[in-house]
Amino acid sequence: QSLTGTVSDWDIQFAGDVSYDHLNPSPSTWTPPGALNQMYNAGLSGTPDEDNWATTATAGASYGFSSTLAFLLTTPGTNRAPLYECRGTGTTDHFVSRSSTCEGETVLRRSGWVYMTPPSSGLPTTPLYRCVLPTGDRFEWTDSDCIGYPEQTLLGYAPQEQSALDRYYNPYAGGVGDRK
Numbered sequence: 352q353s354l355t356g357t358v359s360d361w362d363i364q365f366a367g368d369v370s371y372d373h374l375n376p377s378p379s380t381w382t383p384p385g386a387l388n389q390m391y392n393a394g395l396s397g398t399p400d401e402d403n404w405a406t407t408a409t410a411g412a413s414y415g416f417s418s419t420l421a422f423l424l425t426t427p428g429t430n431r432a433p434l435y436e437c438r439g440t441g442t443t444d445h446f447v448s449r450s451s452t453c454e455g456e457t458v459l460r461r462s463g464w465v466y467m468t469p470p471s472s473g474l475p476t477t478p479l480y481r482c483v484l485p486t487g488d489r490f491e492w493t494d495s496d497c498i499g500y501p502e503q504t505l506l507g508y509a510p511q512e513q514s515a516l517d518r519y520y521n522p523y524a525g526g527v528g529d530r531k
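With the working numbering applied, the sequence shown covers 352 to 531.
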């Protein structure tokens, strides 16, 4: 099948658990899509202000990338619960919660959704746990052993990879292709 017209004339379709509402965000409903990244402020290591931050947004210049934990869902649905990014009141401690009030702490944003139980579809997911360091810093991890620290709670199950498939046009490669 050959393509005619301009890119703006094409009907581009997306599949998977991806919402493109972020292209026209409103401050109260925007949920950034993508990876839940574990960030770390190395300058505070071992101090009471030590901070690990699991976020789908930019964490700031003092934070470095540690790892991608999983990919959050961007729409609500059956067997799904929202996750919120939070900050401890009066502290640098960032953590993730299923509580829309961040358990009485400061709400930063809704990050996305997780499955409450592994989906029956067989989609590969990873559990997300909230853990705590001896300094009181809460952090998120994908194994209940929390790298040797106490587990606080199981937050849910998130896809291990992005499930979006989009069709694109690349004139340099000879036409239409699929990218996962």
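By construction, the Cβ of each residue, glycine as well, lies at the ideal position given by its N, Cα and C atoms.
{"Asked": "Cβ-Cβ distance between residue 500 and residue 482 below 8 Å", "Found": "yes"}
{"Asked": "Per DSSP, the bridge partner or partners of residue 502", "Found": "482"}
{"Asked": "Status (buried if at least 16 other CB within 10 Å, exposed otherwise) for residue 512", "Found": "exposed"}
{"Asked": "Identity of the residue in 488, 477, 487 nearest residue 505 by Cα", "Found": "477"}
{"Asked": "Cut-off 7 Å between Cβ atoms - residues of its own chain near residue 497, not counting five sequence neighbours on either side", "Found": "480, 482"}
{"Asked": "Within 8 Å, strictly: CB atoms of residue 425 and residue 487", "Found": "no"}
{"Asked": "Contact belief for residue 392 with residue 413 at Cβ below 8 Å, rounded distance in angstroms", "Found": "5 Å"}
{"Asked": "Contacting residues, own chain, Cβ-Cβ under 8 Å from residue 491 (five flanking each side not counted)", "Found": "387, 389, 403, 405, 420, 446, 447, 479, 480, 481, 482, 506"}
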